[in-house]
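**Q**
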Amino acid sequence: MRQKLMTAAAVAMMAASPALAELTIVDTSYRTGPYAANGIPFSDGYQDYFTLLNERDGGIGGEMINLVECETGYNTEKGVECYEATKNAGDGALVYQPLSTGITYQLIPKATADGIPLHTMGYGRTSAKNGEVFKWVFNYPANYWDGASHAITHILNENGGDISGRKIALVYHNSAYGKEPIRTLENLAEKHGFELTLLPVDHPGQEQKSQWLQIRREKPDNVIMWGWGVMNQVAIQEAVNIRFPMDQFIGIWWSGSENDVKPAGDRADGYKALTFHNLGDDYPVYADIQEHVVDTGKAAGAGDQVGTVLYNRGMYAAMLAAEAVKTAQEMHGVTAISAAQMRDGMENLEMTEEKMAALGLPNFGPEFKVSCENHGGNGFGAVSQWDAEAGEFTLITDYYQSDQEIIGKLVAEDSAQFAEENGIEPGC
Amino acid sequence: MFYREAGDFKTSYTDDSQTFPIKFDRYRYYVVLVLAFAVVPFVINDYWVNAVFLPFLIYSIAAIGLNILVGYCGQVSLGTGGFMAVGAYAVYKLMVAFPEVSIFFHVILAGGITAGVCVLFGLPSLRIKGFYLAVATLAAQFFLVWIFNRVGWFYNYSASGQINAPERTVFGVPVTGAETAPWAAYIFCLVFVVASAIIARNLTRGMAGRKWMAIRDMDIAAEIIGVNPLKAKLSAFAVSGFFVGLSGALFFAVYLGAVEVGEAFGINKSFLVLFMVIIGGLGSIFGSFAGAAFLVLLPVLLKNTLVGGLGWPTDLAAHLEFMIVGGLIIIFLIAEPHGLAQLWRVAKEKLRLWPFPH
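Here the protein sequences line up with chains G and R, keeping their order.
With the working numbering applied, the first sequence corresponds to residues 7 to 434, in that order.
With the working numbering applied, the second sequence corresponds to residues 240 to 597, in that order.
(1) So, ILE31 of chain G versus VAL101 of chain G, is the Cβ gap smaller than 9 Å?
(2) Since THR281 of chain G contacts SER408 of chain G with CB under 8 Å, what's their CB separation in whole angstroms?
(3) What does the Cβ neighbour count give for LEU26 of chain G, buried or exposed, with the cut at 16 atoms within 10 Å?
(4) Within 8 Å, do at least three Cβ pairs link the region 249-257 of chain G to the region 110-118 of chain G?
(5) Which value, in whole angstroms, describes the spacing of the CA atoms of ALA277 of chain R and TRP287 of chain R?
(6) Just to confirm before moving on: does the CB-CB distance between LYS173 of chain G and GLU224 of chain G stay below 9 Å?
(7) Compare the C-beta of ALA21 of chain G with all C-beta atoms of chain R and state if any pair is closer than 9 Å.
(8) So with CB distances below 8 Å, who are the chain R contacts of VAL299 of chain G?
(9) Between which residues of its own chain and ASP554 of chain R is the CB-CB distance below 7 Å, once the five residues before and five after are set aside?
(10) Taking 9 Å as the cut-off, decide whether the C-beta atoms of GLY530 of chain R and VAL516 of chain R are in contact.
(11) Kindly give me the distance between the Cβ atoms of ASN380 of chain G and PRO372 of chain G, rounded to whole angstroms, as I take these residues to be in contact under 8 Å.
(12) Could you tell me which of R:GLY448, R:GLY484, R:GLY487 sits nearest to PRO468 of chain R, measuring between CA atoms?
(13) Going by beta-carbon coordinates alone, are GLY108 of chain G and TYR80 of chain G separated by less than 9 Å?
(14) Which ranges does the beta strand (DSSP E) cover as unbroken runs of at least 3 residues, wholly within the region 331-399 of chain G, from first to last along the chain?
(15) Determine the burial state of TRP218 of chain G: buried for a count of at least 16 other Cβ atoms within 10 Å of its Cβ, exposed for fewer.
(16) What is the DSSP secondary structure of TYR405 of chain G, counted as helix, strand or coil?
(17) Can you give the Cα-Cα distance for LEU473 of chain R and ILE438 of chain R, rounded to whole angstroms?
(18) Per DSSP, which one or two residues make a beta bridge with ILE71 of chain G?
(19) How close, in whole Å, do the beta carbons of MET357 of chain G and PHE374 of chain G come, if the pair is a contact with beta carbons under 8 Å?
(20) VAL376 of chain G and LEU355 of chain G: beta carbons closer than 9 Å?
(21) Kindly indicate the opening and closing residues of the beta strand (DSSP E) around TYR178 of chain G.
(22) Rounded to the nearest angstrom, how far is the Cβ of GLU75 of chain G from that of ASN289 of chain R, given a contact under 8 Å?
(23) Run through DSSP, which three-state label would TYR266 of chain R get?
(24) Would you be able to state if there are at least three C-beta pairs under 8 Å between the region 322-336 of chain R and the region 563-575 of chain R?
(25) For the structure I just gave you, are there three or more beta carbon pairs, one from the region 180-191 of chain G and one from the region 244-258 of chain R, closer than 8 Å?
(26) If VAL4 of chain G sits next to ALA270 of chain G, beta carbons under 8 Å apart, how far is it from one beta carbon to the other, in whole angstroms?
(27) Run through the DSSP bridge pairs and tell me what TYR52 of chain G is partnered with.
(28) So which residues on chain R does ASN180 of chain G lean against when the C-beta distance must stay under 7 Å?
(29) Counting only C-beta atoms, is ASN44 of chain G closer than 9 Å to chain R at any point?
(30) Using the three-state DSSP reduction, which class does ILE402 of chain R fall into: helix, strand or coil?
(31) What does the alpha-carbon distance come out to for the pair ASP404 of chain G and GLU359 of chain G?
(32) Closest by CA to PHE259 of chain R, which one among R:ARG444, R:SER486, R:VAL273, R:VAL309?
(33) Would you kindly check if the distance between the Cβ of ALA349 of chain R and the Cβ of GLY487 of chain R is under 9 Å?
(34) Buried or exposed for SER256 of chain R, going by 16 or more other Cβ atoms inside 10 Å?
(35) Any beta carbon of chain G sitting closer than 9 Å to that of THR553 of chain R?
(36) In chain order, what residues of the same chain have a beta carbon less than 7 Å from the beta carbon of LEU58 of chain G, not counting five sequence neighbours either side?
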């Protein structure tokens with residue numbers, strides 16, 4: 007039995023050698039399981055943007071993009087399998103965007119050893135912002151600790167700059183992902199004098215009755231949520247059920263997509279979520295996507311996600327990757343870049359308003375510049391609010407910066423600990 | 240033609256009681272060992288180790304451990320995931336606290352610690368049986384995962400609650416951490432698998448194993464003929480816990496390198512290992528291997544065939560994979576309720592008579 011399976015597996019592997027192309031980008035997506043509702047739009051956006059570049063521009067700098075998709079199911083074991091299976095695809099994968107904090111933690115040492123950059127956009131290990139320690143990991147333009155600070159700053163602004171004595175509850179996914187903001191929030195609680203309650207929700211997050219019962223009993227003034235997948239929908243529904251004021255309920259950017267609020271119906275109106283890029287489909291690039299990708303039947307998935315929050319985010323991630331490829335091509339003077347050159351491109355990436363406007367995405371994200379010391383951007387974010395009647399999230403604030411004083415200190419502490427544990431000599 | 244006893248003479252008691260009494264079987268076993276130790280390490284790469292061999296070897300140890308408890312001693316356990324977590328966190332704490340001691344001993348110690356925890360949760364088995372015991376071990380599963388999430392000491396107060404395996408070496412060769420060569424990780428696990436299988440095989444055909452089986456078949460009768468149920472049940476829990484702890488330690492330290500307890504050692508893991516044991520064959524060491532191979536290799540094979548070979552969309556392939564694996568499990572259990580091990584036994588019987596069955 008075993009031998010037979012092995013032989014069959016070997017045969018299948020032989021047959022599985024991918025088509026040769028110059029720039030290999032891997033999309034570790036999840037279209038199945040409890041996180042699929044959020045995984046699908048992100049992956050669609052990520053793939054569609056690269057398809058657009060292939061169809062409209064003939065790739066990047068004349069090199070076609072070979073997009074390899076691998077299903078992880080948000081599961082770390084499958085994530086590792088995907089990484090090993092795809093890292094040598096084509097001429098070698100250029101960058102990984104795992105879209106899972108758990109998989110990111112697995113891949114940080116592996117990708118560092120293999121010399122393949124990781125881009126964990128707005129997730130993953132926050133202290134990877136410190137490029138002196140995490141040479142191969144990037145988390146621009148914003149990270150979880152920025153997010154925690156954005157939420158608190160927003161509450162501060164709403165309450166005239168004084169939130170001492172306020173009760174704020176954090177409802178979080180009980181995993182590395184959900185635990186990330188706790189330390190920052192504790193520090194901010196000390197600084198601003200609010201009272202923090204922690205309410206963990208176990209994977210996958212369908213069962214939250216007791217957490218929301220506690221919220222109903224303790225009546226916190228604000229609830230902040232770090233949820234993903236089915237947990238978001240359940241939490242928003244529960245909040246509606248206990249009549250929690252939705253405008254006092256703020257989700258991280260991963261808890262603010264149409265899929266999360268729609269099941270709760272009209273009563274979810276006013277729910278707030280953070281974001282680090284703009285929303286909606288009122289951008290010139292969408293006309294191109296419609297013409298070159300959707301209308302030609304080349305759209306990823308069912309092609310029905312165009313313009314949703316997470317589709318935009320996937321597209322934004324792909325756009326940042328493509329811009330990094332361009333930067334690398336310019337720096338090294340070759341079009342078929344390697345993973346190491348991709349890393350240089352990411353480290354020297356600069357996003358300006360002119361650049362984004364030229365790409366058909368004017369005013370889509372904050373301006374930032376990556377450097378060797380700072381792999382995490384400048385930590386700008388904004389707050390969006392759900393309008394149930396119009397059926398869309400809209401920005402209600404400008405982009406503002408997180409509390410760099412507290413976050414800078416925490417990043418330095420955490421990355422120093424990592425460097426010490428792993429014997430890394432920090433430096434540029 | 241194969242598996243014939245004819246002409247295979249035994250001249251001593253040792254010969255007569257060896258593990259593989261039939262010559263052909265014995266040679267096959269040696270060939271597999273030689274292949275595994277001397278050929279495979281030279282031909283494998285990162286993909287084969289991390290996607291195929293490591294999970295197969297590590298789940299085999301877990302399946303052997305659970306098979307001793309469920310298959311040989313008849314005590315149903317749904318706590319395997321939790322006990323694997325004990326092994327993983329024990330080896331993590333040991334690795335960090337005593338970096339100068341070889342990881343080899345840490346893994347064994349982690350198995351010992353898990354054995355202790357397993358005995359503790361096995362105590363109710365003296366009073367309750369069957370489904371009720373399954374529920375008690377289910378409580379162990381949830382309790383252990385909860386405590387590893389809750390108590391900061393276990394994960395050294397790291398911000399994310401994750402544990403990460405630092406680099407550790409055996410004879411100067413790294414076996415954990417990112418710099419590990421594929422063959423080193425493979426050999427390290429293989430040594431534990433072979434040792435576990437040999438120990439388990441000899442335990443189960445000796446006095447301990449006979450006591451376990453007596454308890455499994457009818458505990459009151461066993462007690463009347465002089466088997467002490469306290470010792471028999473708790474020793475089964477201890478031995479089982481030891482192997483499950485080994486597998487948990489290797490799963491964390493060698494295979495994944497970073498672990499989040501809720502995701503890696505959740506209730507799904509308990510069911511997965513239990514399915515391996517049931518599909519492989521209760522009360523069979525070979526069955527543990529066969530079950531682990533079936534549930535580890537089949538999904539990878541299907542994925543490579545459907546996505547890599549046929550170029551189907553990944554989500555369709557992932558859904559089909561669930562359906563095919565599920566369907567095959569049902570077909571196997573209907574066609575052969577005693578698992579893959581029984582199929583193997585029947586095949587052997589047939590081969591003995593082949594090509595003249597009458």
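We treat Cβ as the ideally placed atom computed from N, Cα and C, and that holds for glycine.
**A** Short version:
(1) yes
(2) That belief does not hold up - the Cβ atoms of THR281 of chain G and SER408 of chain G are roughly 14 Å apart, past 8 Å.
(3) For LEU26 of chain G, the predicted model reports a pLDDT of 47, less than 50, meaning its position is unreliable and no value from the coordinates is stated.
(4) Using a Cβ-Cβ distance cut-off of 8 Å, the region 110-118 of chain G and the region 249-257 of chain G are not in contact, since fewer than three pairs of beta carbons, one from each stretch, lie closer than that value.
(5) 16 Å
(6) yes
(7) Note that ALA21 of chain G scores a pLDDT of 43, beneath 50, so its modelled location is shaky; the value from the coordinates is reported in the next line. For ALA21 of chain G, the answer is yes, since a Cβ of chain R falls inside 9 Å of its Cβ.
(8) By Cβ distance, chain R contributes nothing, its closest Cβ being about 16 Å from VAL299 of chain G, past 8 Å.
(9) none
(10) Yes; because the gap between Cβ atoms is below 9 Å, this pair is in contact.
(11) In fact, because the Cβ distance is near 14 Å, the residues do not count as touching under 8 Å.
(12) R:GLY448
(13) yes
(14) Entirely contained in the region 331-399 of chain G, the beta strand (DSSP E) runs reaching 3 residues are, in chain order, 386-393.
(15) buried
(16) coil
(17) 18 Å
(18) G:LEU29
(19) 6 Å
(20) yes
(21) Note, TYR178 of chain G: beta strand (DSSP E), 173-179.
(22) Actually they do not touch by this definition, with Cβ atoms about 19 Å apart.
(23) helix
(24) no
(25) no
(26) The structure shown does not extend to residue 4 of chain G, since chain G is modelled only from 7 to 434, so the question has no answer here.
(27) BP columns for TYR52 of chain G are empty, so no partner.
(28) Within chain R, the residues ASN388, GLY501 have their CB atoms less than 7 Å from the CB of ASN180 of chain G, given in chain order.
(29) no
(30) strand
(31) 15 Å
(32) R:ARG444
(33) Yes.
(34) exposed
(35) yes
(36) ASP294, ILE295, HIS298, VAL299
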